[in-house]
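S.K.:
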Amino acid sequence: MNLSPVVEVCDLRKAYGQGSLFRRRGRVEALRGVSLSAKSGDVFGLLGPNGAGKTTLIKTLLGVVKPSSGTAFLFGQPAGSSAARMRVGYLPETLRVDRHHTARSALKFYGRLSHMDQASINRRSDELLELVGLQGRDRESVRQFSKGMYQRLGLAQALMHDPDLLFLDEPTDGLDPVGRNEVRKVIERLRGLGKTIFLNSHILQEVEMVCTRVAIMDKGMVLASGAIGSGISIDDNGQSDAIIGSAIGSMIDGKHENAAVTFDLLHPSHQDSSNQADETIRKCFDRFENSHAVIQPLTSPIATHRVVVTPSDDQAVSQSDLDRVVDDLRSHSISIVRLDTRVPTLEDTFMRLISSQQG
Amino acid sequence: MSLRPYQAIIADSFRSALSSRVLWIAMVAIWLFLILLSPFGYREDYTTEFRNQDFHNGTRLKGMLASGLVDPDVREEPLGLIASAVPEDLQRQLRLVGKGDEVRIRYSVLTDALNGLIEDESWYNAQSWQSTTRLRELRELDEQDVEQLSDSLRKRRARLRIEAALPGVFEARASRSILLTYAGLDFPTEVTVDKPQFKMLVNQFVLPLIINWLLGFILIFLGILVTASIIPDMLQPGSLHLLLSKPVSRTLLLLSKFVGGCAFVLLCVTQLVIGLYLIAGLRLDIWNLRLLWCIPVSVFLFSVFYSVSVLAGLRWRSPILAIGVTVIFGGICMLVGFIGGLSDGLVTGPDRLSHLAVAGDDIFATTKGGGMVRFDASQNQWSEIYESGPGNRDRVLAPLAISSDQIITARVRGGRMNPFGSGAPELSLLSRKNDWSPEPSLRLPTGTTQLLAPKKIAPANDSIFALNTSDLLTTTRSEILLAAGEQKEDAPTPESDASQNTPSWFSKLNSLIGGKTKGFENITPERMPLTQPRSVAVVNANTVVAISGGRLMRVEKAPTDRWTIAKQRTLAGDNSLDTLLAVTGDQLMLARPDEPLRIIDLESLQDLAELEMPTRSFATQLVGFSNANGDDTFLVVLSDGTCRQVNWKDDSKKRLNDFARIGPNEIETLSFDQPANRLFFAHNVDQLDAIDVSTGDTVLSIRPSVTGWRQVDQLVVTPLRWLTPQTGDLGETIATMISGKSAFSFSSGDGERETIRRKVAGPVISCTVFTTVMLMISCVYFATRDF
Chain A
1 MNLSPVVEVC DLRKAYGQGS LFRRRGRVEA LRGVSLSAKS GDVFGLLGPN GAGKTTLIKT
61 LLGVVKPSSG TAFLFGQPAG SSAARMRVGY LPETLRVDRH HTARSALKFY GRLSHMDQAS
121 INRRSDELLE LVGLQGRDRE SVRQFSKGMY QRLGLAQALM HDPDLLFLDE PTDGLDPVGR
181 NEVRKVIERL RGLGKTIFLN SHILQEVEMV CTRVAIMDKG MVLASGAIGS GISIDDNGQS
241 DAIIGSAIGS MIDGKHENAA VTFDLLHPSH QDSSNQADET IRKCFDRFEN SHAVIQPLTS
301 PIATHRVVVT PSDDQAVSQS DLDRVVDDLR SHSISIVRLD TRVPTLEDTF MRLISSQQG
Chain B
1 MSLRPYQAII ADSFRSALSS RVLWIAMVAI WLFLILLSPF GYREDYTTEF RNQDFHNGTR
61 LKGMLASGLV DPDVREEPLG LIASAVPEDL QRQLRLVGKG DEVRIRYSVL TDALNGLIED
121 ESWYNAQSWQ STTRLRELRE LDEQDVEQLS DSLRKRRARL RIEAALPGVF EARASRSILL
181 TYAGLDFPTE VTVDKPQFKM LVNQFVLPLI INWLLGFILI FLGILVTASI IPDMLQPGSL
241 HLLLSKPVSR TLLLLSKFVG GCAFVLLCVT QLVIGLYLIA GLRLDIWNLR LLWCIPVSVF
301 LFSVFYSVSV LAGLRWRSPI LAIGVTVIFG GICMLVGFIG GLSDGLVTGP DRLSHLAVAG
361 DDIFATTKGG GMVRFDASQN QWSEIYESGP GNRDRVLAPL AISSDQIITA RVRGGRMNPF
421 GSGAPELSLL SRKNDWSPEP SLRLPTGTTQ LLAPKKIAPA NDSIFALNTS DLLTTTRSEI
481 LLAAGEQKED APTPESDASQ NTPSWFSKLN SLIGGKTKGF ENITPERMPL TQPRSVAVVN
541 ANTVVAISGG RLMRVEKAPT DRWTIAKQRT LAGDNSLDTL LAVTGDQLML ARPDEPLRII
601 DLESLQDLAE LEMPTRSFAT QLVGFSNANG DDTFLVVLSD GTCRQVNWKD DSKKRLNDFA
661 RIGPNEIETL SFDQPANRLF FAHNVDQLDA IDVSTGDTVL SIRPSVTGWR QVDQLVVTPL
721 RWLTPQTGDL GETIATMISG KSAFSFSSGD GERETIRRKV AGPVISCTVF TTVMLMISCV
781 YFATRDF
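In order, the protein sequences belong to chains A and B. Residue 240 in UniProt numbering sits at position 240 of the first sequence, with consecutive numbering throughout. Residue 595 in UniProt numbering sits at position 595 of the second sequence, with consecutive numbering throughout.
(1) Measure the CB-CB distance between B/S742 and B/T736 and report whether it falls below 8 Å.
(2) Just confirm the distance between the C-beta atoms of B/G762 and B/D729, as a whole number of angstroms; I'd bet it's less than 8 Å.
(3) Going by C-alpha distance, which of B/V646, B/L530 and B/I25 is nearest B/I662?
(4) Less than 8 Å separating the beta-carbons of B/L700 and B/V336?
(5) May I ask you to verify whether the stretch 348-359 of chain B touches the stretch 667-679 of chain B, counting CB pairs closer than 8 Å and requiring at least 3?
(6) Which runs of the alpha helix (DSSP H) at least 4 residues long sit entirely within the stretch 154-215 of chain A? Give them in chain order.
(7) Is the Cβ of A/F263 closer than 8 Å to any Cβ of chain B?
(8) Beta-carbon separation of A/A30 and A/G220 under 8 Å?
(9) Under a CB-based cut-off of 8 Å, is B/K257 close to chain A?
(10) Who does B/D594 pair with in a DSSP beta bridge?
(11) Consult DSSP for B/F40 and reduce its assignment to one of helix, strand or coil.
(12) Under a Cβ-count criterion, where at least 16 other Cβ atoms within 10 Å of its own Cβ denotes burial, should B/H683 be classed as buried or exposed?
(13) Find out if the Cβ-Cβ distance for the pair A/D286, A/V337 is shorter than 8 Å.
(14) Just checking my contact of B/R395 with B/V412 at CB under 8 Å: how many whole Å lie between their CB atoms?
(15) Could you list which residues in chain B have their beta carbon closer than 7 Å to that of A/R99, in chain order?
(16) May I ask you to report which of helix, strand or coil DSSP gives B/W213?
(17) Quick one: what's A/G226 bridged to in DSSP?
(18) Please confirm whether A/R13 has its beta-carbon closer than 8 Å to some beta-carbon of chain B.
(19) Provide the residue span of the alpha helix (DSSP H) that contains B/E137, from first to last.
(20) Return the residue from the list B/L96, B/R134, B/G80 and B/L160 that minimises the CA-CA distance to residue 790 of chain B.
(21) Would you list, in chain order, the members of the stretch 47-67 of chain A that have their beta-carbon closer than 8 Å to a beta-carbon of chain B?
(22) What's the C-alpha gap between B/A263 and B/V308?
(23) Which residue or residues does DSSP assign as beta-bridge partners of B/Y46?
(24) Once you ignore the five residues that flank A/L166 on each side, which residues in its own chain have a CB closer than 8 Å to its CB?
(25) Tell me whether the beta-carbon of B/L688 lies closer than 8 Å to the beta-carbon of B/I702.
(26) Do you know how far the Cα of B/L65 is from the Cα of B/G98?
(27) Can you pull the DSSP bridge partners for B/H56?
(28) Using a 10 Å radius around the Cβ and a threshold of 16 neighbouring Cβ atoms, would you call B/T727 buried or exposed?
(29) Please report the residue range of the beta strand (DSSP E) in which B/N575 lies.
(30) Who are B/R104's beta bridge partners in DSSP?
(31) Of all the options B/V265, B/M234 and B/G238, which has the alpha carbon lying nearest to the alpha carbon of B/R250?
(32) Report yes or no: do three or more beta-carbon pairs, one from the stretch 216-226 of chain B and one from the stretch 17-26 of chain B, lie closer than 8 Å?
(33) Answer yes or no: does any C-beta atom of chain B fall closer than 8 Å to that of A/V6?
(34) Give me the subset of the stretch 187-203 of chain A whose CB atoms are less than 8 Å from a CB atom of chain B, sorted by chain position.
(35) Below 8 Å on C-beta distance, what does B/K246 contact in chain A?
(36) Who are the Cβ neighbours of A/T262 in its own chain at under 6 Å, not counting the five residues just before and after it?
Pasting the structure below:
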């Protein structure tokens, strides 16, 4: 697999609204120095509130909008060049297909726009109509199509010329749960084929489920970008496993969004002398090297103490320290009622980043 | 570069337009229209009944009928027989005319009377008619058995007999005329034209009119309605971003959308034009393949408007605004076209020079505005001798230089639309010593339309000829000078001396039928009035060549002073066509529209050669002259405004185009100045060039300075017309394409032919430039803008 970046964006800036000769409007900086890169096989999620610059970024990468400064390359070719666009598929947020089309004629039209010959168009149309579940309805006028059917058609046209890079703007928008699941499967399959996918979605869980990397944007800047934790995996039912480690590897302001570990403990001699119990527990947690433990007494009948261990530097809480603490606690006959190694969700990170920006 | 994506875009915009309801309504309307047209047909029948427009000279008819009633000498002659057969009421009125009273008789009364005669032929007397000049057609009919004649042929024979009895009264009409029918029923109005004229009429006027209105107006508007949404639809975010993400060039994407819109109009236009072509062919027997040219021209016209719609659609992304802007633009084009037409008709048109005369270094010209001007070199302007203008109702006869210091002409008051004008005109003499101010001379024969003279007018007593509505008359230069001198000394006497010794009523009657005028001698061969279409060329003082109604004749003055026909010949072909004649040396040139130019031997009147004419043009003026080397040369001015110099010696050259061009473009008229051996070309309204025929050099070039409205026309209207695409004038291009003629001519009512040149290349160029500029702006806008 070629590991050179498929998408490479460097200090991309775009300012709109320089205004016409007669009407000077305010200058809107839609992109303010965006840099990011995606490698082959990445499923890159682009997150951000409305007006963050996501669409402008995608439009710039597609060549629909010309950047004010900075560079963007797709497959080593300048974004917007014909060679770059040959290998790109795009599903717009609201696909509009002329009313005289049927699904098949629309696919034929878009196929011909991508320089495909008739035979490949016919072959690909059959494959894709089946893939998106429009077979049997391919000769109906699009006038009768529902939003979901439009979305399926849009996905099919984006895949028509077998592109290496896909830009999907809200691909599951308007789909029922079954449809969403199918789209996710299609994305997974495409990733398996080594395609690179740029995904723009408001549904964070969805991004979390299918993306390997994400970038969070606001006000024309990338606030954070990185891989979604290595432990991420999706089973056959589409359910995610427990996530271990950090959700996002690197942060823009040097801080880490690391996991705190919470212990709920039951000390056997709690009723007799709580001070002694407190002392025993503290000693056990003193073994943590670069972490800070806060001990709180609990009044619950099943637990007497809660200890929250927060890593004090850029490191995560190390597994060996955890093992040692568990051994010590058990050797003092202290029961571990609950051990929670909670990682903040993407939503937590997203909300924290956006609110810190706005604050 | 693969063109596949762009073909797909063209096909897609085409299909998008196809799905429009307006299109289907348009198609249904087209088919309904074609179905409504298809029952049109025609029937050919003999020309029998008289119509008002058949009278070439109604006054003469009145006069002749009156003399037939009152003159006892002609009572048993055809004229008398016919006059006494007309209804009593009319006879009473005619008797009053015969007594010299001013009696107005309506044409319809005369036509009804004559048509009554056609029904009842009891007035006919074969013996009397023997003395008339009978056309070959009548002679043949007279020989046939009455029983064998059909009703319409019998009527035809009666009409021909009436025409023979009243020479010089009727216009030449083809023997068969066309009757329009609709679903087998005769149309109420009979078109008095023959088949070739009918074809010409349909091709030159009817089809261009239908095409101009249907294609140039209705279909273009419908096309704009249907296609206005193509660009705004493309600009919808969900559609545009997807299109732009495809590997296609934005410029070509836009151009493909443009072509797609045009392709849709092509579909509609093709149906309509092919339908019209088939109807004209199947129903009227007019198979005009040139009609198919309308398809590309109409699509081209549409593209002009659509280029505006595209730019407006790009800028405002709204079909409604695109339609609105395009309609406003169309309105502006029409307004500019209207102003331009007004300027042509009222400002430049009347200033166009129509005839030239050169006396020494002074140049005179009549204008289309019915005036006469002389070039004033000190002011570099034409100065008016007779007032010229759009509303002018007068007519000035083409001036004639009778020496290097004198020219003659005449102003016929009220003669613009009527050869007679109001009252008998006087010949005017303009001489250098009187500072070219007109002096009255001889009274001119009634209805004089043309003055002619031999090329070399040296001797004082040389002949000057005057052609009036039916006769050729002659006088002499000295007579004219004398008359001018006499009248200058005595008080002018308006009443002609010719009436002194005869009763005044008889002189009036005489003037009605074009009789004697003092100082003029009628040299028209007996019973051979020069009826339209006719043309006269003067060979020398004693020889004249004339053509009248298809009869070509050389008339010579015998030693006994009588003028007789020395040689004559009937021309083959359509004898109702306009004819031009010119003579030089021993050759004669004859031109008729749609026929080759003929070079004819003056002595034998036999054809020496035929020269093929350029397909789109016809001759508007012929001039013959001998150059300094004594070579006989003809100049042929064509309807496209160019001139060819025909120096015919052998028959190696078969086409007019084989001969060299001479002079400027846009020629209005030309004149040969024999004494100085120069050719004067009036061109581009009122500019003038003179070419020395021995050296071929341009020796004089006059570009008069313009003032007033002409200046406005030059500085404002003309640039405005060039800046706005001349979409209205593209109709003229269509008319040219359909008719195959870049000009048409019509009789202007005063016996002269007016030639209207159609604009062909100008509108195409201006529309092409405009469309290209609009598309370039659209492409740059689309390619550089973020969407």
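Virtual Cβ for every residue (Gly too), placed ideally from N, Cα, C.
M.R.: This is what the structure holds:
(1) Result yes, Cβ atoms of B/S742 and B/T736 sit closer than 8 Å.
(2) With a Cβ gap of about 7 Å, B/G762 and B/D729 count as contacting.
(3) Of the listed residues, the one whose Cα sits closest to B/I662 is B/V646.
(4) No, these two residues do not count as a Cβ contact at 8 Å.
(5) The stretch 348-359 of chain B vs the stretch 667-679 of chain B: in contact.
(6) Within the stretch 154-215 of chain A, the complete alpha helix (DSSP H) runs of at least 4 residues are 177-192 and 204-210.
(7) Using beta-carbon distances, A/F263 does not count as an interface residue toward chain B, since no partner is under 8 Å.
(8) Their beta carbons are under 8 Å apart, which means A/A30 touches A/G220 by this criterion.
(9) Chain A places no beta carbon closer than 8 Å to that of B/K257, leaving this residue out of the contacts.
(10) Beta-bridge pairing links B/D594 to no other residue.
(11) In the three-state DSSP reduction, B/F40 falls in the strand class (E or B).
(12) Classification for B/H683: buried.
(13) At least 8 Å separates the beta-carbon of A/D286 from that of A/V337.
(14) Confirmed, Cβ separation roughly 5 Å.
(15) Here the neighbours are S19.
(16) Three-state result, B/W213: helix.
(17) Per the DSSP secondary-structure output, A/G226 pairs in a beta bridge with A/V214.
(18) Chain B, which has no Cβ nearer than 8 Å to the Cβ of A/R13, makes this no.
(19) Start and end: R136 to E143.
(20) Beyond the ends of chain B as shown, which are 1 and 787, falls residue 790 of chain B; an answer cannot be given.
(21) Cβ contacts with chain B come from K59, L62, G63, V64, V65 and K66.
(22) Each residue's Cα considered, the two are about 17 Å apart.
(23) As a beta-bridge residue in DSSP terms, B/Y46 pairs with B/R176.
(24) Exclusion of the five residues before and after A/L166 leaves V88, G89, Y90, L91, A158, L159, L190, K195, T196, I197 and F198 as the residues of its chain whose Cβ lies within less than 8 Å of its Cβ.
(25) Result yes, Cβ atoms of B/L688 and B/I702 sit closer than 8 Å.
(26) Spanning the two alpha carbons is a distance of roughly 9 Å.
(27) According to DSSP, B/H56 bridges with nothing at all.
(28) B/T727 comes out buried.
(29) DSSP places B/N575 in no beta strand (DSSP E); its state is neither H nor E.
(30) Looking at the DSSP assignment, B/R104 forms no beta bridge with any residue, so it has no partner.
(31) Measuring from the Cα of B/R250, the nearest candidate turns out to be B/M234.
(32) Of all C-beta pairs linking the stretch 216-226 of chain B to the stretch 17-26 of chain B, three or more are shorter than 8 Å, placing the two stretches in contact.
(33) A/V6 is outside the set of residues whose beta carbon lies under 8 Å from a beta carbon in chain B.
(34) Within the stretch 187-203 of chain A, no residue has a Cβ lying closer than 8 Å to any Cβ of chain B.
(35) Near B/K246 (Cβ distances below 8 Å), the residues of chain A are R85, Y110, L113 and S114.
(36) Apart from sequence neighbours up to five positions away, the residues of its chain that approach A/T262 with a beta-carbon distance below 6 Å are V308 and D340, ordered along the chain.
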